[in-house]
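One structure is given below, encoded as structure tokens.
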Amino acid sequence: MDVVTSFYNVEKGQNVEKLKQVTVPALNPVPADVVSLLAANTLTWDVLPKTAKNAVLWSLGYVRYGSEAEYTRVFAVCPSGSKSSVTMDDIQVSDKSVSCDNVYEYCGYSRWINKPCQAFSSSLPKCAINASMVNSRVASSQTKVFWGFTVDNFPNPPNPTLLKNDPSITSIPYSIHVNPIGDSCATTSFLASTAPCISQTSALSTCAIAPSAKMQAWLKELSQATTLPPTPITTAPPLTLAPVTQESSNAMVIGIAGGGGALVLVVLAIVCFCRRKASKGGDSATGTTVYSNKSCNSHVSSSKGMNLNDMEQSNERLCESAPVLKSFQLDPAISFKRLDYVSLVFERHLAKSSSPLYDVWLGRVDGQIMAIKQLAPTYRSKKGIVHFAQSVRLMVSLDHPNITTVVGVGWDMLEHLCLVTEFMDCGSLRENLDAKLKQLSNRSSSNHKDEWDWKQTKLDIAMDVAKALVYLHTLEVPLVHAALTSSNILLNSDLLAKLSAFAVQPFPLPASFADGEFTVSSKWEWIAPEVLSGQPTTPASDVYAFGVVLTELDTLAYPYGSTTPESQRTTLSLSSKSSDNAVDHSRQRMQSVVHDHLRPALSHSAPPALRDLVELCLHPDPSQRPTAMMLIYHLRSKVKVFELTMTDDKTKYEHPLVSRYATKEMSLVWSPHTKFSTWRKLWLALARAEQELGIAITDEQLRAMEKAIYDIDYAYADEMEKKFRHDVMAHVHAFGKAAPIAMPIIHLGATSCYVGDNADIIQIKQGLELIQRKLLKVVKTLRDFAVQYKDMPTMGFTHFQPAQLVTVGKRATLWIQDFLLDHDRLESQIQTLPLRGVKGTTGTQASFLELFNGDHDKVKQLNRKVADQLGFEHVIAVSGQTYTRKIDYFVLSILSGIAQSAYKMAGDIRLLANMKEIEEPFEKNQVSAVSRRLESHGSPVNSRIVLPEAFLATDVILNLIANVSDGLQVWPNVIAAHIKAELPFMATENVLMACVKAGGDRQELHEAIREHSMAAGRRVKEEGAANDLLDRIAADSRFAAVHATMDQLLDPKLFVGRSPEQVDEFVAECVDPLMQKYQALLLVDSVDSINV
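The opening residue of the sequence shown carries number 1 in full-length UniProt numbering; numbering runs sequentially from there.
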């Protein structure tokens, strides 16, 4: 309820439309206490802007009422015997004092009341109104709001107004409305506070209302910026707080000016000056400066020993050549933050800034440790000072718990302008990550785990930074950080992260900020590719930098593995020129970022949800990156939820599919957290549908349910299950505990199978979609392998006996075909999978028919609305208590089919590996073959209890097969040797036909080939010698017709038929259309590390 600040912000913003909304309080006479307050600051009423006039009246307790805009004095209610003064800010009734949960209306986290609430008693108001002074001229509230609370300042001009409350709603007679149009969110998107006031009586203990510190600071700033002529003014005595009598009542009302006095127009002369308090050690006669900060040296301030006149003249010259510096000095926001430069103690350099433009000092203000940032001496030109002043002007306006707080601004000469911020005692995030990395390198990885993980610390830091970005990007004039790096994220001892906002700039960037010489630029590793290419920074480029920071949090390492000091300090552009090797290397990496989509890597253990988020943040197209608000959503609802499901309790049985083989993604799908949060989503969908169909369910109840979906108290649920012996009822109560206002309507009309069976179907669908994504990746990998080796002949087999030649690529198409057949059934199952829907206890929907008073149409609509909310096109037509278990059979048969396809492929690879023709990839230190594992994961039992295990097993199989497919090693020379050993037997038919065409006797030649083949076979089998069939034919004169062309007849490519063409046709007609259809799924990397 900081009305003074709201008026001040309107004045500072100079928005014409907003200024038009500010009423001019033309008073005659002006109350004596107003005149006295202004006189103390060498001001008069007439010279104040209308915003300040309203603020002064408010700060002294004057509130407007009635159609003629009269003013009355507000009394502050104080504890009996208290004589201390209060400000008008103190008359607000905090939400912590109010207990009206059932009648609150909300505007974000702000709230108001316009309904009866017995808990809101007459003892809560902190202000009083003399009813006899205002009488019947006070208008009644149109919104019926009698209390409203927000911690935010109202962004539009306040219009403090006293209104009567509706006696049917509350016994409290009056309320002060900061702005009646902001009583609720109906007219604006912001809430204006409303303070209830009781009637003033002689027995009521009151205390004085004094101007707030912010009002005093504003008046001081106005006094400094204004040269005032002496202006006589008619005054009225101040309004007293003495007990009120009917005789004195008329003195309490001040009317609008009318007749008599004429207004005197005052021309204000604004001068450019630098005002500085003289220190206690200063010589008031000569103006000589005597510094008290002993550590201050010429590097910090070269004005030591200059007199005040010299410094003022220097500043005046700067102001004349750079008018923006004049407005900087007169900016009220700067005046609010102005510190005495003499009071600043510069102790030592903290570190080099992320930009060479600035120095960062450890210093003190009034004994408190602070960080002080100042232009480096070499950049203290006019341009540098102007840019610094513009940046400071932006920074002092920022106010967010995750952005470093600006304590003040100080200067004697403008070239010494410095920004004083809070000191973050744990240093930068980069410094902390380096320390963590060093600790890990000095300890055995087998007995030490990084204490920072994504369950807590890393996630908290990421959330803090994301919140700061949301604030910057959603301001009325959006700002971009433009230099987001781990070095500009600072931590305190509680590991609270705050963004150093020093590089913030408006978006889009105005011309006054466009001087590239003084633009604070980031290190290239964090710069988005479009910015490296010369485009301006945008909110999307901040999100890109945030993605890089996420990789640092995950790996602890510097992006792209850079470790040299040069690479960590270099800021480049693609067009910069240097012969330095380190710079050249950096420029090459920058080129790769822009043109080759080079990105920093995550660790193998990174949560899948984090991988997805980083991929989105680092997308080459800025329009495809998430907004800052979406970062919060992903971190809170995906990364956090995923990590909460991962346990590390070694005292319980661990299923090896979960603990060793399956991915975290699939484990999450079948986790208790997904199951029970899905129950809550089902309850929310049911309640929404019931509300739409006329059941008395409030929006507030729905909001409470939505907010509590992931807020699951498992300990409480376990306690309730022991009590009720029923898991669904236990979680109904746990949900009600998290959303108490919604407890009466949770599970309304439903039975246990509504959540149990529907959740199973939803989890099945999620699992099938994950399987589909991984299956497509396997097909894509094998497709590339098949195309690569489509022309390489290899031995074909029937029953593992040598047969007609094929190609390596053609064999791979047989594996692909099996997987494509699996995908056809999988795709169909995903598209047609039905939800159980809203069916009731035995499938008759009787409870819902009762709920809707026999309205069959509404029951049918309820079923459809719930399915639509949950993303299901189909609903089971009829059911009993549960959905038909044929669905389980269909799903398990699909998973079994995928396992069989993988089993077949794995068997082929094992046989070929035995022949040394093809080998699967082996990781460093791997001691067991992956394909051997594939042969043991393929046979789920068709039982209801093994659905999760079937999905987990299939997940494992596809991970293994993807790993194998992605690294198959083909050994052409081994294959050629095998072909050479067997080809002679296959080539005899070609030799026979060629000789017959040359005039030979087929029967004679056929018998000769048979004799030679038998002899060669005996030699191979009995003697272990090489196959010499071709040598025998070459030595036989009966085959002289082909002796010269034997090599051509024995080309292996003549024996593969249409294998290459079949690969091309199969890929083009069957594989590529599917790859194109699911191109988006193929972009998602969802394969974890492989254990064998």
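All residues carry an ideal CB built from backbone N, CA and C; glycine is no exception. Given the structure is predicted, the values throughout are model-derived calculations rather than measurements.
Query                                                                                                                                                                : Result
Taking its Cβ as the centre, do 16 or more other Cβ atoms sit within 10 Å of Asn-853, making it buried, or is it exposed?                                            : exposed
Using DSSP's beta-bridge definition, name the partner residues of His-747.                                                                                           : Answer is none; His-747 lacks a bridge partner.
Only counting runs of 3 or more residues, tell me where the beta strand (DSSP E) segments fall wholly within the region 469-504, in order along the chain.           : 489-491, 497-499
Would you kindly work out how many angstroms separate the C-alpha atoms of Ser-248 and Val-134, rounded to a whole number?                                           : Because the pLDDT of Ser-248 is 34, which lies under 50, any placement of that residue in the model is unreliable, and the number read from its coordinates should be weighed accordingly. Whole-angstrom Cα-Cα distance: 13 Å.
Short of 8 Å in beta carbon distance, which residues of its chain neighbour Ala-1080, apart from the five on each side in sequence? Order them along the chain.      : none
Using DSSP with H/G/I as helix, E/B as strand and the rest coil, what is Thr-5?                                                                                      : helix
Just checking my contact of Leu-204 with Ala-128 at CB under 8 Å: how many whole Å lie between their CB atoms?                                                       : 6 Å
How would you write the range of the beta strand (DSSP E) that Glu-665 sits in, first residue to last?                                                               : Taken as a continuous stretch (DSSP letters only), Glu-665 belongs to no beta strand (DSSP E), being part of the alpha helix (DSSP H) at 664-669.
For Val-866 and Gly-843, which I take to be in contact (beta-carbon distance under 8 Å), what is that distance rounded to the nearest angstrom?                      : The Cβ separation is near 15 Å, so there is no contact.
Alpha carbon to alpha carbon, how far is Arg-393 from Leu-308?                                                                                                       : 25 Å
So is Leu-219 buried or exposed if we call it buried at 16+ other beta carbons inside 10 Å?                                                                          : buried
Just the Cα atoms here: how many angstroms apart are Lys-681 and Asp-727?                                                                                            : 16 Å
Mapping the DSSP letters down to three states, classify Thr-538 as helix, strand or coil.                                                                            : coil
Using C-beta distances below 7 Å, list every residue in its chain close to Ser-780, excluding the 5 sequence neighbours before and after it, in chain order.         : Reading the sequence as shown, one finds Lys at residue 780 and not Ser. Only Met-1075, Leu-1082 meet the Cβ criterion.
Sort out for me which residues DSSP pairs Arg-73 with in a bridge.                                                                                                   : Tyr-62
Cα separation between Ser-295 and Ile-372?                                                                                                                           : Low confidence applies here, because Ser-295 scores a pLDDT of 34, under 50, leaving its location unreliable; read the following figure in that light. Whole-angstrom Cα-Cα distance: 14 Å.
Going by alpha carbons, who is nearest to Pro-622 out of Leu-496, Gly-547, Ile-745?                                                                                  : Gly-547
Do Glu-221 and Ser-335 have their CB atoms nearer than 7 Å?                                                                                                          : yes
If we call anything under 7 Å between Cβ atoms a contact, is Asn-402 one with Lys-337?                                                                               : no
Mind the definition here: the region 136-147 touches the region 173-180 only if three or more C-beta pairs lie below 8 Å; say whether that holds.                    : yes
Three or more C-beta pairs closer than 8 Å, one from the region 403-421 and one from the region 379-395: is that the case here?                                      : yes
Could you pull the start and end residues of the alpha helix (DSSP H) that Lys-858 belongs to?                                                                       : 856-869
Go ahead and label Glu-11 buried or exposed: buried means 16 or more other beta carbons lie within 10 angstroms of its beta carbon, across all protein chains shown. : buried
Could you tell me which residues DSSP pairs with Ile-91 in its beta bridges?                                                                                         : Answer is none; Ile-91 lacks a bridge partner.
Which complete alpha helix (DSSP H) runs does the region 749-789 hold, if anything under 4 residues is left out?                                                     : 752-788
Quick one: using the 10 Å Cβ neighbour count with 16 as the cut-off for buried, is Ile-369 buried or exposed?                                                        : exposed
Please state whether DSSP places Ala-1040 in a helix, a strand or coil.                                                                                              : helix
So for Met-424, helix, strand or coil by DSSP?                                                                                                                       : coil
By the three-class DSSP mapping on this structure, what secondary structure does Tyr-710 have?                                                                       : coil
Distance check for Pro-79 and Arg-611, CA to CA, integer angstroms please.                                                                                           : 58 Å
Specify the secondary structure class of Pro-139 as computed by DSSP and reduced to three states.                                                                    : As written in the sequence, residue 139 is Ala, which differs from the Pro given in the question. Three-state result, Ala-139: coil.
Measuring straight from C-alpha to C-alpha, what distance separates Ser-893 and Ser-901?                                                                             : 12 Å
Give me the Cβ distance between Lys-810 and Asp-1064, rounded to the nearest whole Å; I'm assuming they're in contact under 8 Å.                                     : Contact doesn't hold; Cβ gap of about 11 Å is too wide.
How many Å lie between His-387 and Pro-559 at the Cα?                                                                                                                : 30 Å
Since Pro-802 is in the alpha helix (DSSP H), which residue starts that stretch and which ends it?                                                                   : Taken as a continuous stretch (DSSP letters only), Pro-802 belongs to no alpha helix (DSSP H), being part of the beta strand (DSSP E) at 801-807.
Rounded to a whole number of angstroms, what is the C-alpha to C-alpha distance between Val-964 and His-400?                                                         : 50 Å
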